[in-house]
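> In terms of full-length UniProt numbering, the sequence shown opens at residue 1 and continues consecutively.
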Amino acid sequence: MTPGFRLPDVTFHTRIRDDSVDGPNPFRWEDKTTADYFAGKRVVLFALPGAFTPTCSTYQLPGYENGFDDFKALGIDDIYCLSVNDSFVMNKWAEWQGIKNIKVIPDGAGEFTRRVGMLVRKDNLGFGLRSWRYAAVVRDGVIEAWFEEPGLCDNHGEDPYGVSSPETVLKWLQDDARENAA
1 MTPGFRLPDV
11 TFHTRIRDDS
21 VDGPNPFRWE
31 DKTTADYFAG
41 KRVVLFALPG
51 AFTPTCSTYQ
61 LPGYENGFDD
71 FKALGIDDIY
81 CLSVNDSFVM
91 NKWAEWQGIK
101 NIKVIPDGAG
111 EFTRRVGMLV
121 RKDNLGFGLR
131 SWRYAAVVRD
141 GVIEAWFEEP
151 GLCDNHGEDP
161 YGVSSPETVL
171 KWLQDDAREN
181 AA
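1) Out of D159, D22, R114 and Y134, which has the shortest C-alpha to C-alpha gap to L125?
2) Are V120 and L152 closer than 8 Å when you measure CB to CB?
3) I need the DSSP call for residue 194, collapsed to helix, strand or coil.
4) Below 8 Å CB to CB, which residues in the same chain sit around S131 once its five sequence neighbours on both sides are set aside?
5) Which stretch, first to last residue, makes up the alpha helix (DSSP H) that contains S87?
6) On the criterion of 16 or more Cβ atoms from any shown chain inside 10 Å, does F71 qualify as buried, or is it exposed?
7) DSSP on V142, reduced to helix/strand/coil?
8) Between which two residues does the beta strand (DSSP E) containing K122 stretch?
9) Give me the Cβ distance between L61 and F38, rounded to the nearest whole Å; I'm assuming they're in contact under 8 Å.
10) Please name the residue or residues paired with C81 in a DSSP beta bridge.
11) Please state whether the Cβ-Cβ distance between I143 and M1 is less than 8 Å.
12) Is W172 helix, strand or coil when you go by DSSP?
13) Quick check on the burial criterion: 16 or more other C-beta atoms within 10 angstroms. Buried or exposed for T34?
14) To the nearest angstrom, how far is it from the Cα of I79 to the Cα of F68?
15) I think K32 touches T14, with their Cβ atoms under 8 Å apart; what is that distance to the nearest whole Å?
16) Taking DSSP as the reference, what is the three-state secondary structure of F68?
Structure representation (structure tokens):
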């Protein structure tokens with residue numbers, strides 16, 4: 001992906017809490033589109049191979065959550081975490097992590113991930129199709145900056161992490177703010 005690329009228009013099948021729903025699982029289905037998430041906003045999107053996995057749960061998601069105020073101070077409206085997991089998994093993972101600021105996007109069928117060129121096979125780990133790890137700064141659905149981990153390929157033997165880290169994206173935003181202020 002390169003700056004200037006418009007994100008693909010897809011529909012995400014989400015589950016949202018609805019207290020009017022009776023029973024032990026008070027959620028209902030709600031379809032959201034790319035425009036629902038990205039139109040009229042400046043956001044950070046980061047994608048990862050899977051909820052509940054070590055790097056994602058220990059570093060990437062908590063790092064963005066803990067740095068949320070720093071991102072907001074630099075003009076970021078929302079931060080989204082996307083994974084090729086269904087809404088049930090993404091919601092439970094966010095709850096388990098105690099996430100309050102980051103919004104999760106379930107790309108259960110991998111359609112968005114495929115259309116941005118980041119869908120990879122992780123059969124070597126028993127995962128099947130998943131997202132390669134990346135992050136982006138997106139303004140009104142258009143990519144401003146792209147942070148892709150090196151080595152994009154199917155069944156990669158490692159899980160590279162650093163280029164898409166919150167620290168890297170935050171530094172880019174700080175540098176961008178300084179350049180635009182000059």
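Heads up, the beta-carbon is just placed ideally off N, CA and C, and yes, glycines get one too.
What you are looking at is a predicted structure, and each value in this text was computed from that prediction instead of being measured.
So, from the data block:
1) The sequence position of residue 125 within the sequence shown is 125, counting from 1. Taking each of D159, D22, R114 and Y134 in turn and checking the Cα distance to L125, the smallest one comes out for D159.
2) Position 120 of the sequence shown, counted from the first residue, corresponds to residue 120. Position 152 of the sequence shown, counted from the first residue, corresponds to residue 152. With respect to the 8 Å criterion, V120 and L152 are classified as neighbours on the basis of their beta carbons.
3) The question about residue 194 has no answer here: the residues shown for the chain are numbered 1 through 182.
4) By 1-based counting over the sequence shown, the position of residue 131 is 131. A47, L48, P49, L82, S83, V84, D107, G110, T113, M118, L119 and V120, listed in sequence order.
5) Along the sequence shown, read from residue 1 onward, the residue named residue 87 stands at position 87. Judged by DSSP secondary structure, S87 falls within the alpha helix (DSSP H) whose first and last residues are S87 to Q97.
6) Residue mapping note: residue 71 aligns to position 71 of the sequence shown, counting from 1. Its Cβ being crowded by 16 or more others within 10 Å, F71 is buried.
7) As a position in the sequence shown, residue 142 is number 142, starting the count at 1. The answer is strand: DSSP assigns V142 an E or B state.
8) Here residue 122 corresponds to residue number 122 of the sequence shown, with the count starting at 1. DSSP places K122 outside any beta strand (DSSP E), giving it a letter other than H or E.
9) Looking up residue 61 in the sequence shown gives position 61. Looking up residue 38 in the sequence shown gives position 38. Taking a contact as a CB-CB distance under 8 Å, the pair L61 and F38 does not count as one, their CB atoms being some 20 Å apart.
10) In the sequence shown, counting from the first residue as 1, residue 81 sits at position 81. For C81, which the question treats as bridged, DSSP gives the partners F46 and V104.
11) Position 143 of the sequence shown, counted from the first residue, corresponds to residue 143. Position 1 of the sequence shown, counted from the first residue, corresponds to residue 1. For I143 and M1, yes; Cβs fall inside 8 Å.
12) The residue labelled residue 172 in the question sits at position 172 within the sequence shown. DSSP places W172 in helix when its eight states are reduced to three.
13) The residue you call residue 34 lines up with position 34 of the sequence shown. Here T34 is buried, its C-beta having at least 16 other C-beta atoms within 10 Å.
14) In the sequence shown, the residue the question calls residue 79 occupies position 79. In the sequence shown, the residue the question calls residue 68 occupies position 68. Approximately 8 Å between the Cα atoms of the pair.
15) Here residue 32 refers to the residue found at position 32 when the sequence shown is read from its first residue. Here residue 14 refers to the residue found at position 14 when the sequence shown is read from its first residue. Confirmed, Cβ separation roughly 5 Å.
16) In the sequence shown, residue 68 corresponds to position 68, counting from 1. Three-state result, F68: helix.
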